[in-house]
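Colleague:
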Amino acid sequence: MSEPLLMKGNEALAEAVIRAGCRAYFGYPITPQSEILEYLTAEARERGMVVLQVESELAAINMVYGAAGAGVRAMTSSSSPGISLMQEGLSYIASAELPCLVVNVNRGGPGLGTIQPSQGDYFQATKGGGHGDYRLLVLAPDSVQEMADFVFDGFDLADKYRNPVMILADGALGQMMEKVVFREYDPKDHETAKPWATTGKSGGRERNIITSLHIQPEKMEDINKHLQEKYRKMQTEVRYELIHTDDADIVLVAYGLAARICHSAVEMGRNKGLKLGLLRPKTLYPYPYDMVRELSAKVKGMHVVELNSGQMVEDVRLGVNGKVPVTFFGRMGGMIPSPEEVLASVEARIAQLHDEPREEQIYA
Amino acid sequence: MSEPLLMKGNEALAEAVIRAGCRAYFGYPITPQSEILEYLTAEARERGMVVLQVESELAAINMVYGAAGAGVRAMTSSSSPGISLMQEGLSYIASAELPCLVVNVNRGGPGLGTIQPSQGDYFQATKGGGHGDYRLLVLAPDSVQEMADFVFDGFDLADKYRNPVMILADGALGQMMEKVVFREYDPKDHETAKPWATTGKSGGRERNIITSLHIQPEKMEDINKHLQEKYRKMQTEVRYELIHTDDADIVLVAYGLAARICHSAVEMGRNKGLKLGLLRPKTLYPYPYDMVRELSAKVKGMHVVELNSGQMVEDVRLGVNGKVPVTFFGRMGGMIPSPEEVLASVEARIAQLHDEPREEQIYA
Amino acid sequence: MTHEILFAGFGGQGVLSMGMTLAYAGLVEGKEVSWMPSYGPEMRGGTANCVVIISTKPISSPLVTRFDAVLALNQPSVLKFEHAVKPNGILMYDSDACIIPPSRTDITVVPVPAEDEARKLNNMKVKNMVMLGSFLSACEVVSIASVVKALAQVLPERYHHLLEINHQALLRGEQLVVDAATPIV
Amino acid sequence: MTHEILFAGFGGQGVLSMGMTLAYAGLVEGKEVSWMPSYGPEMRGGTANCVVIISTKPISSPLVTRFDAVLALNQPSVLKFEHAVKPNGILMYDSDACIIPPSRTDITVVPVPAEDEARKLNNMKVKNMVMLGSFLSACEVVSIASVVKALAQVLPERYHHLLEINHQALLRGEQLVVDAATPIV
Amino acid sequence: MPEVAELQPALEAVWTKPETLTETRMHYCPGCGHGVVHKLLMEVVDELGIRQDTIGVAPVGCSVFAYQYLDVDMQEAAHGRAAAVATGIKRVLPDKYVFSYQGDGDLAAIGTAETIHAANRGENILVLFINNGIYGMTGGQMAPTTLIGMKTSTTPEGRETATMGYPLKITELLAMLPGVYSVSRHAVYSPNTVRALKKAITKAFQYQKEKKGYCLIEVVSNCPSGWKMTPVESNKWLEKNMLPLYPLGDIKVEGTLVQPVQKKEGQHS
Amino acid sequence: MPEVAELQPALEAVWTKPETLTETRMHYCPGCGHGVVHKLLMEVVDELGIRQDTIGVAPVGCSVFAYQYLDVDMQEAAHGRAAAVATGIKRVLPDKYVFSYQGDGDLAAIGTAETIHAANRGENILVLFINNGIYGMTGGQMAPTTLIGMKTSTTPEGRETATMGYPLKITELLAMLPGVYSVSRHAVYSPNTVRALKKAITKAFQYQKEKKGYCLIEVVSNCPSGWKMTPVESNKWLEKNMLPLYPLGDIKVEGTLVQPVQKKEGQHS
Amino acid sequence: MAIIRGTVAIDVETCKGCELCIEACPQESLKLSKGINKQGYHYAVLVQDNCTGCVNCALVCPDAVITVYRARKGGKRERIAEIRNVQRDIRISIDELQEGKVTS
Amino acid sequence: MAIIRGTVAIDVETCKGCELCIEACPQESLKLSKGINKQGYHYAVLVQDNCTGCVNCALVCPDAVITVYRARKGGKRERIAEIRNVQRDIRISIDELQEGKVTS
Ligand SMILES: Cc1ncc(C[n+]2csc(CCOP(=O)(O)OP(=O)(O)O)c2C)c(N)n1
Ligand SMILES: Cc1ncc(C[n+]2csc(CCOP(=O)(O)OP(=O)(O)O)c2C)c(N)n1
Ligand code: SF4
Ligand code: SF4
Ligand code: SF4
Ligand code: SF4
Ligand code: SF4
Ligand code: SF4
Ligand SMILES: [Mg+2]
Ligand SMILES: [Mg+2]
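Chains as they are written, first to last, in this note's numbering: chain A, 3 to 366; chain B, 3 to 366; chain C, 74 to 258; chain D, 74 to 258; chain E, 513 to 781; chain F, 513 to 781; chain G, 29 to 132; chain H, 29 to 132.
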């Protein structure tokens with residue numbers, strides 16, 4: 003355990019990247035995450051890492067493919083429009099089962115949008131913005147501390163499952179400074195054998211091939227079955243945080259920055275005598291459906307808060323499966339609600355908890 | 003009404019494109035949809051359309067942005083990996099509210115995959131594969147006839163809502179020949195005024211600007227509210243087909259090619275005395291949640307069949323909202339089930355209809 | 074009644090248009106039809122095949138993997154598709170192009186000396202119509218008359234002078250099977 | 074207790090590092106802290122600002138739009154942020170850099186002759202520390218001692234010879250407010 | 513002090529802000545070359561009287577807001593895709609004047625493919641390429657055109673060729689393409705360079721009218737903020753350091769190369 | 513007929529299939545140049561004894577299955593991104609031999625940006641560029657390199673420059689970049705051209721060992737299927753029609769341009 | 029006190045004080061103000077009456093802030109303004125300025 | 029009947045009958061078979077005993093089908109095979125062929 007430091011989320015993440023033994027970073031500048039590239043460039047030479055600013059996000063994700071396929075820990079980072087450009091590459095990486103880390107410091111969309119914090123890329127991250135049936139393992143930090151922590155976890159999970167891992171943060175988490183303590187982590191203790199990597203066909207082994215092409219549909223279906231089986235195994239990695247859910251009447255569900263705001267709102271509500279709780283998913287894929295289901299058996303309603311028009315709320319509804327009403331409150335396009343606003347949205351909904359869920363989406 | 007012709011799905015679609023008054027096509031070859039480009043190139047000169055084979059899908063979607071912004075009916079087409087490359091562009095187009103048509107002749111993924119038919123891109127098409135909160139209007143043909151019909155509808159809807167429309171077909175619908183009859187359609191009767199188009203600032207009007215940038219989050223939130231409001235209006239465009247649902251115990255839900263196969267399976271089941279029905283969504287966004295809800299009030303279960311690992315099934319579950327069990331049968335990676343196989347999957351499920359939905363996903 | 078038929082051979086042998094002609098003939102007779110080619114890089118090297126379905130009911134999937142009949146115009150197609158014929162189905166092949174004959178006994182195997190016959194007609198291109206004629210003789214999916222009408226649709230105007238020779242080829246093919254009470258081996 | 078403070082000025086005036094120093098001082102005192110800069114193209118032309126939150130409770134969002142205190146180092150910042158101060162909050166500004174003074178009466182307005190004071194110290198760069206000293210004098214969010222400790226962390230080793238002058242600036246800033254029983258207008 | 517109005521009988525305005533420049537205050541940093549180019553572009557549009565027939569494409573880069581200042585119809589393209597967007601517009605409106613306005617990151621990094629292929633197809637458009645050797649918008653990262661040894665936020669020790677490659681002279685590459693009709697390199701650091709650029713823009717619009725094909729004008733420009741210099745320093749630095757690698761002048765005139773496309777600096781040593 | 517075995521005392525094998533070519537039958541059409549290049553590449557790998565140190569990148573194009581035939585470690589890249597994938601590999605395994613193998617659609621259309629920037633960074637890799645003037649894999653559409661007047665499925669009347677632009681001589685463009693060390697154009701339509709190509713590949717691997725930077729070998733090749741010709745016809749057509757525009761020989765040798773990068777054909781007329 | 033040949037009008041609220049005009053003026057007629065405008069910038073002012081109306085300053089000004097006037101050809105050249113000692117103490121505070129274009 | 033200088037072994041099952049080797053052979057030693065292999069291709073066969081082992085055919089063969097042998101230097105040159113009239117009627121049917129490499 004090191005001393006607590008005050009660091010920007012992007013920089014804490016970058017520092018963790020180096021400490022996690024990442025060997026190669028390829029990226030292209032985009033606000034609000036360019037500090038990751040900048041921090042790594044500054045450190046690269048001395049700390050023995052390949053850090054390359056390249057011509058585009060497209061190039062970056064495909065270089066990650068190459069480097070990850072060559073057996074090293076590799077990563078890229080970007081923000082929303084840049085991540086959209088990586089969708090083909092991500093689908094390839096997931097299909098070829100290459101472990102790597104991709105960071106999306108989400109900003110307000112759609113289009114060029116704003117550079118302010120947003121959670122508008124939830125669907126893209128969790129359902130697969132690229133083509134075909136694949137999944138990223140998606141981690142959602144809510145603090146500078148987790149910006150660092152999830153890098154270590156991310157690389158470990160990527161190697162464990164040979165699957166791309168995405169850290170889905172937002173502009174505020176990237177830009178803000180907060181206390182961070184780097185965990186003890188020696189990459190050597192976390193090395194995974196990668197006998198499949200293209201490092202040169204030596205030692206009498208068969209040649210290694212990294213590919214996602216299986217022109218025979220029978221074969222491609224086998225690949226898909228294998229992937230689906232892997233995704234089922236990944237369900238055990240589900241992570242979340244519960245706050246005051248034991249006796250809660252209404253449980254708020256939120257992740258990342260929105261969860262911090264909800265946490266304050268829950269405290270404020272409790273002070274007012276409202277029995278509020280909070281479920282904060284830390285993994286967005288796999289999603290804590292089981293916990294949602296469990297909670298929905300004992301609460302009067304769930305209230306989802308997101309920095310978008312209502313995306314994760316679908317996963318909450320899938321988990322709740324009609325047992326209690328699910329309501330939604332969101333801000334969009336880079337706007338951030340205050341805890342007061344969130345609390346007001348909860349209070350406004352408490353009266354109507356028996357409405358039909360689908361009509362209840364509200365937009366502040 | 004013209005004579006019935008025997009045409010490939012891709013070619014019928016291309017012919018409809020010309021008849022619908024589309025003025026510009028930009029595309030890049032990819033199997034199984036290159037015939038669209040080829041057909042249009044052959045016809046372009048004589049029939050007064052701009053048809054350009056360009057350097058990439060990225061270029062193509064951004065040319066569509068330019069041409070649609072200039073006020074003409076414009077389109078592109080591709081297949082899965084190519085559509086992934088268009089995600090940034092689609093998010094821009096949706097945000098700038100440009101009407102256009104995008105055709106995805108879906109093949110088996112993820113990655114390079116196969117070139118055989120698939121429905122693996124449902125999430126990408128309906129939830130938004132690009133960044134931010136936006137929606138495409140998604141039409142799902144199930145025959146060569148609809149490959150043509152939905153082009154006319156698609157352009158009309160695009161103009162009506164100033165929104166990109168996607169036709170989500172699959173490789174089989176693109177490659178197969180079937181009977182098609184072109185509807186009477188005079189583009190002149192369907193012209194919409196486009197006072198927002200960049201055609202040159204003349205006639206004393208204010209300059210027109212096509213953009214998706216609104217750096218002030220307040221403004222970007224307003225844009226988002228406007229979009230969400232529009233998407234709510236678009237819900238009225240929901241389209242679907244019902245077969246034998248009146249007295250059905252079990253309703254199959256499927257779209258496109260899978261729906262054809264389910265149709266046969268339903269007939270086979272009826273012959274065996276099983277009360278099966280079929281709900282075939284023709285619009286995947288907006289989704290016929292209301293009809294799903296209505297059906298779930300009177301059937302014993304819903305059984306979803308897709309050519310993927312289970313994507314639309316989530317929308318069915320959202321509509322059903324726990325009222326009856328929802329089961330799933332899918333083939334992946336370009337494999338197509340036979341009607342017998344589908345029927346077997348229904349029969350296998352009938353006994354277990356009371357299991358917990360989430361555990362019931364099965365993969366043949 | 075549904076017929077699921079595969080046509081296979083080298084590209085350039087008119088395999089796809091043979092299937093298309095049959096499908097069109099089905100349309101002429103008011104039936105439901107579909108035609109589906111194999112596509113993709115396994116087609117490199119010039120093999121080509123397509124599946125035609127002709128039915129009195131709506132067709133579910135145009136893609137099937139077991140066939141009522143297979144028409145093979147070259148050796149690799151015989152080797153590849155012999156086992157895709159449904160029991161009691163038909164495997165018809167150009168006996169002039171194949172050295173290794175099919176070996177299944179649970180199906181009707183019909184060798185057709187199509188190449189020879191085409192040569193006799195002084196037009197190697199009509200080999201496919203000889204085969205089609207033979208097939209329709211063995212299995213009356215549509216009438217030869219409908220095929221002739223279909224040909225006029227499938228062939229671009231500039232090739233309409235070839236309608237006659239194609240018609241002849243169809244008839245010759247038909248005759249070949251009629252002549253051979255039992256399959257010619 | 075939570076303090077939400079905005080620092081604003083031109084880039085190059087040390088606005089961001091002023092905020093960072095305060096945040097670090099909060100950390101030194103074991104408080105919860107966050108620091109959040111404005112970023113983006115509206116920052117073109119060299120304006121810079123950041124929000125520091127120092128609290129005894131976990132901080133929810135680092136982005137707030139109303140502040141307990143605003144420290145403005147130039148004229149545009151006064152104009153832009155005067156109305157973002159919470160009622161009864163503090164608006165402190167460099168009176169040497171501003172022609173148009175703030176006009177609100179429901180807040181405490183504190184003009185600080187920071188530029189002059191820095192000039193007296195022969196180092197224009199420490200203007201920000203003069204301001205910070207004044208601020209901490211008016212509103213004891215953290216102790217000056219903690220700020221001095223923080224500075225040693227924030228400043229890279231190669232600038233540690235400047236610690237002393239910064240310390241002085243802080244003290245001078247503190248003194249300015251002490252001297253003026255009522256705000257200097 | 514006398515009001516200008518009073519002077520009118522004796523004085524005539526010889527330079528006034530072009531009409532097609534909006535009243536909106538530009539967001540650019542003090543001294544940034546983008547403003548000068550905007551101004552010239554609109555001067556030419558005014559002088560040719562083609563405002564109603566001109567459609568511009570803005571990039572993503574500092575000039576992303578160009579459409580707030582240029583009072584003509586405009587589209588804002590995704591980062592790097594301005595040439596594609598301009599192609600889309602021009603192909604359906606062949607009689608309009610279409611230009612794209614792009615930075616060096618936009619045109620020569622992420623947009624390389626669209627840039628090269630629009631040029632190679634000989635799209636009948638004008639591309640204004642503002643080369644300031646840096647990513648201004650995102651805070652001063654290395655651009656493809658960044659000079660060797662130049663410090664940026666992603667080359668803290670200066671760009672070195674071994675890992676980051678050479679400054680990309682994309683203008684010279686584009687000039688080689690047969691579909692390209694006119695290529696020149698300009699600057700705006702002095703009154704004379706400004707005058708020359710204005711002439712070049714005027715000519716390019718005339719070529720476009722005559723459907724001559726693709727015209728490219730590179731403007732070697734400054735980025736005082738990214739370079740961490742005052743505007744005056746930045747212009748001096750530009751003249752001294754940028755121009756040797758990016759020499760001003762015509763490169764291709766009416767379809768014929770007039771400058772040797774290779775320079776010593778562009779060569780492997 | 514005598515078995516070869518019987519002849520052994522008197523005869524020695526002077527050409528045998530390279531060991532690093534797998535036994536898998538290639539899926540290429542009869543007479544396709546891809547096979548020849550595969551074979552040569554593996555001959556060189558055998559001769560240099562670098563099989564265990566060689567990592568290849570396959571494109572999307574007809575040669576997408578290259579990894580089924582080349583018995584070395586390989587990665588299959590997304591369409592157009594082979595240069596980026598090769599960069600990723602080489603940067604983390606700098607002592608391995610890394611090559612990419614790409615078609616003209618892959619390298620010169622969708623992959624233009626990655627191609628140019630890998631070259632400009634001087635990535636120490638070998639790029640084998642198979643220019644057959646067409647998209648073979650997808651059924652014979654126009655490629656950037658398609659000749660003027662050449663018929664393809666998307667230029668049924670022949671490519672015309674007015675709407676489709678000029679054949680893109682990307683090799684000449686790449687040769688101009690300072691990070692590029694060696695560029696040559698070859699063919700495989702005759703025994704001599706095959707011999708020359710083999711030498712070029714050998715040299716390129718040696719350069720790579722010496723960390724000289726980016727090496728590009730273009731192979732002007734045929735596509736009998738796409739061109740709708742017999743293999744023998746296609747080779748004759750290639751010699752007659754492709755070579756005037758794409759002349760064979762060295763273009764850049766050890767960092768120095770040796771052929772004028774502009775040819776009449778490449779010029780606007 | 030010379031006969032004026034040209035002059036400039038500077039929109040001081042839009043000026044960003046980049047000094048490019050000052051650098052470009054062959055007559056050294058321009059300087060930065062001591063005072064600042066609402067944006068906080070020192071702005072360009074005309075400090076000598078020797079302006080020739082050569083438009084150099086206007087050409088290089090990125091913000092199109094400067095309007096240039098020149099004596100009409102053949103028109104009577106008359107003295108129209110006197111600028112005295114202004115270099116020593118240029119300080120125009122904002123409230124003295126009107127909205128819009130102001131000559132300095 | 030010449031003393032043999034070289035010869036070739038052709039893997040006829042892999043041969044695709046592209047005829048590039050035939051075109052490349054300076055001796056006109058190669059021709060296509062009348063018969064076909066399992067893939068349905070006519071394949072290359074050696075039809076004269078004048079092969080010099082120049083390897084041209086092997087160099088241009090895209091499928092690496094041809095192995096080339098040459099008389100050892102200094103080795104005794106002897107007649108080893110007689111190929112007669114083979115051009116007129118080359119027809120080797122598949123069942124006559126063994127698996128693997130076969131000389132024709
Ligand atoms: C897809 C995508 N990637 C990255 C960015 C972030 N970005 C915005 S502008 C820019 C570069 C600007 O540099 P340049 O084109 O040189 O223009 P300048 O600001 O220097 O005028 C970048 C990388 C983006 N908006 N979209
Ligand atoms: C993103 C994407 N776009 C398009 C395709 C379809 N595609 C596959 S190969 C190919 C072009 C092949 O041409 P070329 O690179 O010249 O190789 P060749 O087949 O001629 O050897 C195309 C367009 C694809 N697989 N992925
Ligand atoms: S950052 Fe650079 S390019 Fe951008 S406005 Fe400022 S000076 Fe101009
Ligand atoms: S299509 Fe062309 S490039 Fe592809 S294998 Fe066949 S001949 Fe070769
Ligand atoms: S017009 Fe010429 S002389 Fe007058 S101020 Fe401007 S630059 Fe100086
Ligand atoms: S050039 Fe323009 S903006 Fe710069 S100081 Fe002069 S008037 Fe002001
Ligand atoms: S070159 Fe090879 S494949 Fe072609 S005919 Fe000769 S042996 Fe057969
Ligand atoms: S080795 Fe030479 S002579 Fe012998 S068959 Fe081959 S090409 Fe002909
Ligand atoms: Mg730039
Ligand atoms: Mg090609």
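Just so it is clear, CB atoms sit at the ideal spot from N, CA and C, and this is done for glycine as well.
As the structure is a computational prediction, the values presented were derived from the model and not from experiment.
Give a yes or no on whether 8 Å exceeds the smallest Cβ distance from VAL584 (chain E) to chain G.
Modeller: no
Colleague: By a C-beta neighbour count over all protein chains shown, 10 Å radius and 16 as the cutoff for buried, is ASP565 (chain E) buried or exposed?
Modeller: buried
Colleague: Starting from LYS10 (chain A), follow its DSSP beta bridges and name the residues at the other end.
Modeller: A:MET179
Colleague: Counting only beta-carbon separations shorter than 8 Å, does ALA570 (chain E) have a partner in chain A?
Modeller: Not closer than 8 Å to any Cβ of chain A, the Cβ of ALA570 (chain E) fails to qualify, so no.
Colleague: Per DSSP, what kind of secondary structure is MET93 (chain C) in: helix, strand or coil?
Modeller: helix
Colleague: What distance in whole Å lies between the Cβ atoms of THR78 (chain A) and PHE28 (chain A), which are believed to be in contact at a cut-off of 8 Å?
Modeller: 5 Å
Colleague: Figure out for me which residue from B:ALA76, B:TYR67 and B:PRO112 has the closest Cα to the Cα of GLY84 (chain B).
Modeller: Among B:ALA76, B:TYR67 and B:PRO112, the Cα nearest to that of GLY84 (chain B) belongs to B:PRO112.
Colleague: Please report the Cβ distance between SER107 (chain C) and MET179 (chain B), rounded to the nearest whole angstrom; I am assuming they are in contact, meaning their Cβ atoms lie under 8 Å.
Modeller: 7 Å
Colleague: Could you give the DSSP three-state label for HIS698 (chain E): helix, strand or coil?
Modeller: strand
Colleague: Do ILE173 (chain C) and GLN148 (chain C) have their beta-carbon atoms positioned less than 8 Å apart in this structure?
Modeller: In contact: GLN148 (chain C) and ILE173 (chain C) (Cβ atoms closer than 8 Å).
Colleague: Count the other C-beta atoms from every protein chain shown that fall within 10 angstroms of the C-beta of GLY71 (chain B), then say buried if there are 16 or more, exposed otherwise.
Modeller: buried
Colleague: Measuring CA to CA, which of B:PRO189, B:THR128 and B:GLN35 is closest to PRO119 (chain B)?
Modeller: B:GLN35
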